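As given, the protein sequences belong to chains A and B, one line each in that order.
Numbered according to numbering that gives the first Met the number 0, the first sequence terminates at residue 229, and the numbering increases by one at each position without gaps.
Numbered according to numbering that gives the first Met the number 0, the second sequence terminates at residue 407, and the numbering increases by one at each position without gaps.
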Amino acid sequence: MTASGPVIDARGLRKVYRMGEVDVEALAGVDFRMEQGEFTCMMGASGSGKSTLLNIIGCLDRPTSGLYELLGRRIDSMDDSELAAIRNRFVGFVFQTFNLLARASAVENVELPLVYARVPGRERRERAMEGLERVGLADRAGHRPNQMSGGERQRVAIARALVTRPALLLADEPTGNLDSRTGGMILDLFRELHEEGNTILLVTHDSGVASSAKRLVRIRDGRIESDSAR
Amino acid sequence: MRPPEVILSALWAMRSNRMRTALASLGVLIGVSAVVSLVGLVTGIRNYIRDQFDTVLGARVFEISRYSGGFEDLDSWLESRRWPDLTVDQARELAGLMTTAGGVTWRSGSGGRVTFGDRTVESVRIRALAPSETDVAGFAIGTGRFFTHAEDAARARVCILGSDLAETLGTPAGLIGGDVTVQGYRFTVIGIARPLGSIFGHGLDDFVAVPWSTWSELLSDGRDEVEIAVLPREEVGLEECREEARLVLRRIRGVPFQAPDNFYITTQQGILDSMQKVMAGAAAITIGIAAISLLVGGIGIMNIMLVSVTERTREIGTRRAMGARRRDIVRQFLAEALIISLAGGFLGLLVGYALTIAAERLTPVPAAVSPFAAVLAVSFSAATGLVFGVFPAWKAAGMDPVEALRYE
Ligand SMILES: Nc1ncnc2c1ncn2[C@@H]1O[C@H](COP(=O)(O)OP(=O)(O)OP(=O)(O)O)[C@@H](O)[C@H]1O
Ligand SMILES: [Mg+2]
């Protein structure tokens, strides 16, 4: 993929959920662009549509209507396995609830995206170990998620998101389940990753974090209410 | 995901839920072990029958009599009662007219008492045999010799003892050349037959064989009904010889044109065929049991897999977010179902083999371990895993990733 154009280019995104007779408009026409190397924070009330937007941007979901290009590629015409490949190669997800595989060790969890990228076993293990080192958890490689603290789990999840060297890192309230001190450490890690050149879109409820962000996007009722870049 | 990884990840999921995996495969285990032991039983009995026919009776000899060698319905049985006797004169005529027969002999029999010295055996089968160039007697000589044509013609009082009877009466050395009494008549022992063994526990070596003419004079009580045995000449096919015997005998017995035969011709193959029919019935029952037990086993696996899919909804969502395609998820769950089922099938095979061997050693049932059962077990359990794993796997793959990730 080319390094020139925007990473994210979305125009008029709408997402409508049918709940019986009523339509819920989770996104009501969103225009959003992000360039390579940007670090954007997204805020908004609960139910405003942040996760919905993030999922569409991450190719985990499709908009009801509107145009979306990731790295210059239109995703609406892609089938399920093409979307899976896009998620695998170009997107890294970090979730509020970590979503690590309970039965797998830290390093096995980090390897997971490489398994689907068909990276051979030995190289996979090496890259996963590098990833764990990057988040400072090399000594926890053999631990299972339930043997680690929340902050450690989230760091494993971040290592997992980064292991394919994705073009875009998406984090949906990554500090939502952590205390403020641990959350602060995680946010520091994201800042470092940004400085290393990663493109990051981060949803947060923490106004302190948001105020220090270079770019802040506010969402309300499925629309972008304000965008500090504009 | 590559195939080895699919298998690894399936084993890994199963490892974390050993108890459940074991219970899920139990149905298949029981089903497969039942099928394997039944197949062992059927195979054993079939081998047993085949061996008996190979050793006891010459494969090419066929028999003609008024009695069917197979299974007949009541009507044809009643009909056959009305047929005229098959007499020794007809047998002699047949022997004279046939060109494709290497040997034609006739036999009859009765029962009686045999005495040697101070030993007496009651209700011995007395076999009346016509002498024949070729051995169509239904037994082979162990020591001594067979009777000659001259002895038959002269109604000589000579006899051959079955091996069991000989053993009861004395030693071969003491018996041969000695005299035994059959129904009060004195006979010289000229031979002892080689052991035949038994069919279904019924001993075959408890007989005394005498020339047919001698029997007819002394022991027949005026009956001259015989059974005819024909051995085709070596270069002649069984079917050809059999057809000649049929046509010649129809003429001898004056059967009108287009009327059905009034005698039965029984080939060894015919007897085997009717046995095979019974065994095929047993095999059909086995297949029925197999189908039911594997259905039950399969439903067990499907149930466990559905529970597992629901429990692991989040995992499925996570894998999808990390780049798993639908088909990766299908493969993962299908592999799990397949491995559970194959494990059950493999253990079932071992249990079934153990049961078969135990039955063979500890009971008179002639069970036999059959490699066919292994093929059957593996393919049945694999098929069960696949068939009953498809729906849960399809359900897992069909989940919307976003929904799966939101699942509580
Ligand atoms: N599968 C669904 N079916 C129906 N409505 C849905 C579904 N998913 C989301 N919604 C609705 O869409 C709207 C946006 O949801 P979304 O999860 O994007 O909000 P959010 O901004 O991430 O909120 P939070 O901060 O609580 O995570 C909400 O009103 C929600 O109820
Ligand atoms: Mg949300």
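Think of the CB as a built atom: it goes at the ideal place given N, C-alpha and C, for glycine as much as any other residue.
For clarity, every value in this text was computed on a predicted model and none was experimentally measured.
query, result
"If you measure from the CB of B:E402, is any heavy atom of ligand 1 nearer than 7 angstroms?", "yes"
"Rounded to whole angstroms, what is the Cα-Cα separation between B:S76 and B:L349?", "Note on residue identity: the sequence assigns Trp, not Ser, to residue 76 of chain B. Their backbone Cα atoms lie some 47 angstroms apart in a straight line."
"Would you say B:A323 faces chain A, with C-beta separation under 8 angstroms as the test?", "yes"
"Can you tell me which of A:R222, A:D220, A:E224, A:V216 puts its alpha carbon nearest to the alpha carbon of A:T39?", "A:V216"
"Between the Cα of A:L167 and the Cα atoms of A:G43, A:L188, A:A212, A:L53, which residue gives the shortest distance?", "A:L53"
"Identify the contact partners of B:S15 in chain A, using a Cβ-Cβ distance below 7 angstroms as the criterion.", "R102"
"Where does B:V235 fall in DSSP's three states?", "coil"
"What does B:R330 touch in chain A if you count any residue whose Cβ is under 7 angstroms from its own?", "Near B:R330 there are no residues of chain A at all, since even the closest Cβ is about 11 angstroms away, more than 7 angstroms."
"Tell me whether the beta-carbon of B:E224 lies closer than 8 angstroms to the beta-carbon of B:D74.", "no"
"Any heavy atom of ligand 1 inside 7 angstroms of the beta-carbon of A:Y16?", "yes"
"Considering only C-alpha positions, which residue in the set A:D187, A:L136, A:I218 is nearest to A:G207?", "A:D187"
"For A:M41, write down the residues that DSSP places opposite it in a beta bridge.", "A:V202, A:V216"
"Using only the alpha-carbon positions, how far apart do A:V202 and A:A25 sit?", "16 angstroms"
"For a test of the three-state rule: what should DSSP assign to B:V225, helix, strand or coil?", "coil"
"So the candidates are B:R311, B:S24, B:F206; which of them puts its Cα closest to the Cα of B:D447?", "Only positions 0 to 407 of chain B appear in this structure, which leaves residue 447 of chain B out of reach."
"Identify the continuous beta strand (DSSP E) that holds A:D226 and give its terminal residues.", "222-226"
"Short of 7 angstroms Cβ to Cβ, which residues in the segment 67-83 of chain A face chain B?", "D79, S80, A83"
"Can you find a C-beta in chain E that's less than 8 angstroms from the C-beta of B:D272?", "No chain E is part of this structure, whose protein chains are labelled A and B."
"So, is A:Q146 buried or exposed, given that buried needs 16 or more other C-beta atoms within 10 angstroms?", "exposed"
"Is there at least one Cβ from chain A nearer than 8 angstroms to B:W11's Cβ?", "yes"
"Taking only beta-carbon positions, decide if A:A127 is within less than 8 angstroms of chain B.", "no"
"By alpha-carbon positions, which one of A:C58, A:A101, A:A103, A:A170 ends up nearest to A:A84?", "A:C58"
"Identify whether B:G190 lies in helix, strand or coil by the three-state DSSP scheme.", "strand"
"I'd like to know whether the C-beta of A:R190 is nearer than 8 angstroms to at least one C-beta of chain B.", "no"
"Counting only Cβ pairs nearer than 9 angstroms, list the residues of chain B close to A:Y115.", "M0, R318, M321, G322, A323, R324, D327"
"Return the first residue and the last residue of the alpha helix (DSSP H) that B:P370 is part of.", "370-397"
"Residues of chain A with CB under 7 angstroms from B:R313, in chain order?", "N98"
"Are at least three pairs of beta-carbons, each pair with one atom in the segment 354-367 of chain B and one in the segment 41-51 of chain B, less than 8 angstroms apart?", "yes"
"A:D178: buried (16+ other C-beta within 10 angstroms of its C-beta) or exposed?", "exposed"
"Checking the sheet assignment: what are the DSSP bridge partners for B:G108?", "B:R126"
"Using a beta-carbon distance below 8 angstroms, is A:L59 in contact with chain B?", "yes"
"Figure out for me which residue from B:D399, B:E314, B:G101, B:T213 has the closest Cα to the Cα of B:A244.", "B:G101"
"When the Cα atoms are used, what is the spatial distance from A:M128 to A:L136?", "9 angstroms"
"Between the alpha carbons of B:A396 and B:G316, how many angstroms are there, rounded?", "10 angstroms"
"Can you grab the Cα-Cα spacing for the pair B:R185 / B:F256, in whole Å?", "48 angstroms"
"Check whether the Cβ of A:T51 lies closer than 7 angstroms to any heavy atom of ligand 1, and answer yes or no.", "yes"
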